[in-house]
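Quick note: the sequence shown, position 79, residue 79 per full-length UniProt numbering, numbers continuous. We put the beta carbon where it would ideally sit given N, CA and C, even for glycine. Heads up, the thing below is written out as structure tokens.
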Amino acid sequence: MGLVFPVILGSVRSERQGIKAARYIVGKLEARGHEVVLVDPLEKQLPLLDRMYKEYSKGEAPPVLEELAALYRRADGFVIVTAEYNQSVPPALKNLLDHFLEEYFWRPSTIVSYSAGRFGGVRAAVTLRTVLAELGMPSLPSVLAIPSIGKALADDGTPSEGWIDKAADRFIDEFEWYAEALAAKRAEGPLPY
């Protein structure tokens, strides 16, 4: 049975490289039979956070927030694709994440990080973990870090190095395990308090 996984991309820069990583992980998850939806802040054009989705009266949130809330409520887990900007996450990613809260609860998240350099965005991933935990979607121990992304992935997401597929397969195995486990617990109902 396929799971539902939004892939949240964090960059809106022109000539952004993260779209390659997003396309790559979308393809890998779809090949396993999952329903995958790319959430691209460049397409969604969310304003800078003024009010969270939950702060709108029922039926009064902007359509893009209603669309994302419906998707997130169906989600079994979230894949976050982040660059590293000054040892942290891109502002577009933080803004996109901060519009929601309860919609993330009791769903695992996992991080695909990337950079033009050799560290693959891992410093951003470390920063991002605390944010994801606070939002109620704790991140998994593993990170799929892709260094030298300009060379590592083609525009369509095809990897140029064999280690990427091997690392991604193990990364996704772990993510599926957590997503299935938490889906079973959510089906039992909310916490009693």
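In the DSSP annotation of this structure, the continuous segment of the beta strand (DSSP E) that includes Glu35 starts and ends at Glu35 to Val39.
In the three-state reduction of the DSSP assignment, Ala61 falls in the coil class, being assigned neither a helical nor a strand state. Of the residues Phe119, Ala179, Tyr53 and Pro90, the one whose Cα lies closest to the Cα of Ala145 is Phe119.
DSSP places Leu128 in the helix class (H, G or I) of the three-state scheme. Sequence-distant Cβ neighbours of Leu71 in its own chain, meaning closer than 7 Å and more than five residues away, are Pro6 and Val37. Across the set Ala31, Glu180, Ala187 and Ser57, the C-alpha of Ala31 shows the shortest separation from the C-alpha of Asp165.
Collapsing the DSSP output to three states places Ala152 in a helix.
Of the other Cβ atoms in all chains shown, 16 or more fall within 10 Å of the Cβ of Gln17; this residue is therefore buried. Remark: C-beta atoms of Lys20 and Leu153 approach each other more closely than 7 Å. Arg13 and His99 have their C-alpha atoms roughly 20 Å apart.
Between Thr82 and Ser109, the CB-CB gap reaches or exceeds 7 Å. Around Leu182, the same chain offers Asp76, Gly77, Trp106, Arg107 and Pro108 as residues with beta carbons nearer than 8 Å, after the five sequence neighbours per side are excluded.
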